[in-house]
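Novice: Numbering (the working numbering), first residue to last: 36 to 664. Where a beta carbon is used, it is the ideal one built from N, C-alpha and C, also for glycine. Just passing along the structure, written as structure tokens.
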Ligand code: 7RM
């Protein structure tokens, strides 16, 4: 399974293209199967369906936990670094984590949760979040983790979409010097969620909360009564493992569904290879478990490899901008995986926060979530890696489940800001607007993948048609990523960003339509148009053009009201950075907003607006430019 040099990479890659079934079957057979698979792959991108290891049975937690009890029971599995740097870090060994997962599995079972039931998890970054996720997986319940920064409205939308019957949360959360309510937000959400029968609440902040009789239970009390013996449920490889909601260019977020077998094989394989994880290494992924990066490379990938995974509750700037570096020293982190937005933000605080920090344990650095600019790449390389740590710029998506285009640490020759080469099993192809393949090197196009890999999205929950149209209809026969990409003279890939109406704000995916819908809910707003614009720290910022019913009496106050509305409907991460009040939007005769123009204005490029002749009323553009100045 482990690639050791460049030649082995090329060999593995060739084999994965020429004999994909043999390639993945060999890797899959390194895991514990309850019933071995005999069929490897069945697929069609035309009438979309993908099945890997279809007739095999397994349980991902048997592989992530039980399997290691024979070899490394007393090694750390998870190291919890609390928000307060002065508080004690807590290590859970594989034996301890296994016991806690089994206990909580029994808690869920006692509440009537069975295989196939959906469970919503809304928690801060504490060990119980990982325990809750793994307990669901152990009993075959489908977890749907909702990032702790999302609003009550977002939670209820997600709960209702997948009909969750149980919710797991905490009283509150601590992030930096803020205490944030969690249970209260869940209570607000549940007003419109009749499907929820039970809420389990873990204490974190001792915030007073209301506990509804017959519905709400304390985690601690239930755990006390539960046994720590729980046989993992035998899951078919293609049974759903989890749902994770992600934004697209239209409508509400989609529930991306991943299944047990393929996801296990692919996250484990990519973790081991890309980061070149060695036994005993300490791995620190700074992503929240509420995003796919946390699912795949904080929980499942590392644990499947018997790794030591650091789980950090706080934020990079508390108590100061040196916190990550202190954590690296404290836990002797060898592999550090973060997002460009964090790198740029810490860069902006100045190098004084690096003075006296001992980063000598580091061996590999990783980047994920958005394109990394050359300047940030170089700072990361020099100041954090001391010119001595390969940087793996990993391109992938919620829908891909695992890393897709990425260097293999210390093996793939690097180029700053390039995700470099596809991993074994990944067959990228660039196409033009008409779906024609762009061959050769030194070219640009839309990035598609032409062959399934084990952790490809299986469906969007409850709406398979939506999955087909979103990913497999733009270019028939291909999975379309939504990203633009260049392939340079050496065949190296550089992802240039989304080509659809999805923004990437600090590595978070947010749809322009979602933000528009939220803004339009504010009283007095007639219409709005949202675009992304380049932002020094966030990568992209949100720019909103808003038409109000009457001229507002106090623009500044109305702006704040709109921000409050967006925070309430989606969450604080979706708040626009700029709101410009306008009297009209540039529309074509058919009523389509010409976002291209709005993007240019948001970038401050007023001179090169291109062809505006198809506009219904070209004078709108002049007034928008005037307002932007
Ligand atoms: C893992 C994750 C996916 C979108 C994707 C890209 C962008 C992610 C990189 C990147 C350039 C990278 N999942 N993206 N990684 N762009 N270089 N290394 O972020 O579903 O939340 O977002 O993020 O646009 O389509 S995600």
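1) Going by beta carbon distance, what residues of the same chain come within less than 7 Å of residue 477, once the five residues before and after it are set aside?
2) Would you mind working out which of 497, 308, 490 and 535 sits nearest residue 401, comparing C-alpha positions?
3) Assuming residue 618 is part of the beta strand (DSSP E), what are its boundary residues?
4) Regarding residue 536 and the ligand 7RM, is the C-beta to nearest heavy atom distance less than 8 Å?
5) Taking C-alpha atoms, which residue in 413, 418 and 370 lies nearest to residue 392?
6) Let me confirm a value: residue 316 is counted as buried when at least 16 other C-beta atoms fall within 10 Å, else exposed. Which label applies?
7) Around the Cβ of residue 207, are there at least 16 other Cβ atoms within 10 angstroms (buried) or fewer (exposed)?
8) Could you check whether the stretch 371-391 touches the stretch 404-415, counting it as contact only if at least three pairs of C-beta atoms, one from each stretch, sit closer than 8 Å?
9) Between which two residues does the alpha helix (DSSP H) carrying residue 141 extend?
10) In terms of DSSP beta bridges, what is residue 430 paired with?
11) Between residue 250 and residue 233, which are expected to be in contact by the criterion C-beta below 8 Å, what is the C-beta distance as a whole number of angstroms?
12) Going by C-alpha to C-alpha distance, which of 452, 592, 305 and 290 sits closest to residue 497?
13) Whole angstroms is fine: what's the gap from residue 257's alpha carbon to residue 168's?
14) Any chance the stretch 285-300 sits against the stretch 121-132, with 3 or more Cβ pairs inside 8 Å?
15) Using C-beta distances below 7 Å, list every residue in its chain close to residue 73, excluding the 5 sequence neighbours before and after it, in chain order.
16) Where does residue 218 sit, in a helix, a strand or coil, going by DSSP?
17) Kindly indicate which three-state DSSP category residue 366 falls into: helix, strand or coil?
18) Within the continuous alpha helix (DSSP H) that includes residue 306, where are the two ends?
19) Using 8 Å for Cβ pairs, my map puts residue 346 next to residue 165. What's the rounded Cβ distance?
20) Among all the DSSP beta bridges, which residues are the ones paired with residue 115?
21) Please classify residue 176: does DSSP put it in a helix, a strand, or coil?
22) May I ask you to check if the CB of residue 539 is nearer than 8 Å to at least one heavy atom of the ligand 7RM?
23) Could you tell me the alpha carbon to alpha carbon distance between residue 337 and residue 102, rounded to whole angstroms?
24) Quick one: what does DSSP say residue 418 is sitting in, helix, strand or coil?
25) Where do the N-terminal and C-terminal ends of the beta strand (DSSP E) with residue 626 fall, by residue?
Specialist: For this structure:
1) On the chain shown, position 442 is the one that residue 477 refers to. 523 and 524, listed in sequence order.
2) Here residue 401 refers to the residue found at position 366 when the chain shown is read from its first residue. The option with the nearest alpha carbon to residue 401 is 308.
3) Working through the chain shown from its first residue, we reach residue 618 at position 583. Premise fails: residue 618 is in no beta strand (DSSP E) and is neither H nor E.
4) The residue you call residue 536 lines up with position 501 of the chain shown. Every heavy atom of the ligand 7RM is 8 Å or more from the Cβ of residue 536, so no.
5) By one-based count along the chain shown, residue 392 stands at place 357. Among 413, 418 and 370, the Cα nearest to that of residue 392 is on 418.
6) Here residue 316 refers to the residue found at position 281 of the chain shown. Around the C-beta of residue 316, 16 or more other C-beta atoms lie within 10 Å, and the residue is accordingly described as buried.
7) Locating residue 207 in the chain shown gives position 172, where the first residue counts as 1. Around the beta-carbon of residue 207, 16 or more other beta-carbon atoms lie within 10 Å, marking it buried.
8) Verdict: yes, contact present.
9) Start at 1 with the first residue of the chain shown, and residue 141 comes out as number 106. Unbroken alpha helix (DSSP H) run through residue 141: 129-145.
10) Position 395 of the chain shown, counted from the start, is the residue given in the question as residue 430. DSSP lists 440 as the beta-bridge partner residues of residue 430.
11) Locating residue 250 in the chain shown gives position 215, where the first residue counts as 1. Locating residue 233 in the chain shown gives position 198, where the first residue counts as 1. About 6 Å separates the two Cβ atoms, so the contact holds.
12) Here residue 497 refers to the residue found at position 462 of the chain shown. Residue 290 is the option with its Cα nearest to residue 497.
13) Working through the chain shown from its first residue, we reach residue 257 at position 222. Working through the chain shown from its first residue, we reach residue 168 at position 133. Inter-residue distance for residue 257 and residue 168 is about 17 Å (C-alpha atoms, whole angstroms).
14) Touching, no, given that fewer than three Cβ pairs across the two stretches are closer than 8 Å.
15) The sequence position of residue 73 within the chain shown is 38, counting from 1. Here the set comprises 90.
16) Here residue 218 is taken as the residue at index 183 of the chain shown, counted from 1. DSSP places residue 218 within a helical segment (H, G or I) once states are collapsed to three.
17) Mapped onto the chain shown, residue 366 falls at position 331. Coil at residue 366, not helix or strand.
18) Stepping through the chain shown from its first residue, residue 306 is reached at position 271. Membership of residue 306 in the alpha helix (DSSP H) is indicated by the continuous run 295-309.
19) Within the chain shown, the letter at position 311 stands for residue 346. Within the chain shown, the letter at position 130 stands for residue 165. Contact holds; Cβ gap of about 6 Å.
20) Mapped onto the chain shown, residue 115 falls at position 80. Looking at the DSSP assignment, residue 115 forms a beta bridge with 125 and 346.
21) For the purposes of this step, residue 176 is taken as residue 141 along the chain shown, with counting starting at 1. Note: residue 176 maps to coil in three-state DSSP.
22) What you label residue 539 is simply residue 504 of the chain shown in a count that begins at 1. Within the cutoff, so yes.
23) As a working note, residue 337 is residue 302 in the chain shown. As a working note, residue 102 is residue 67 in the chain shown. So the two alpha carbons sit approximately 13 Å from each other.
24) Numbered from its first residue, the chain shown carries residue 418 at position 383. Three-state result, residue 418: helix.
25) If you number the chain shown from 1, residue 626 lands on position 591. Counting along the chain, residue 626 sits inside no beta strand (DSSP E), nor does DSSP assign it H or E at all.
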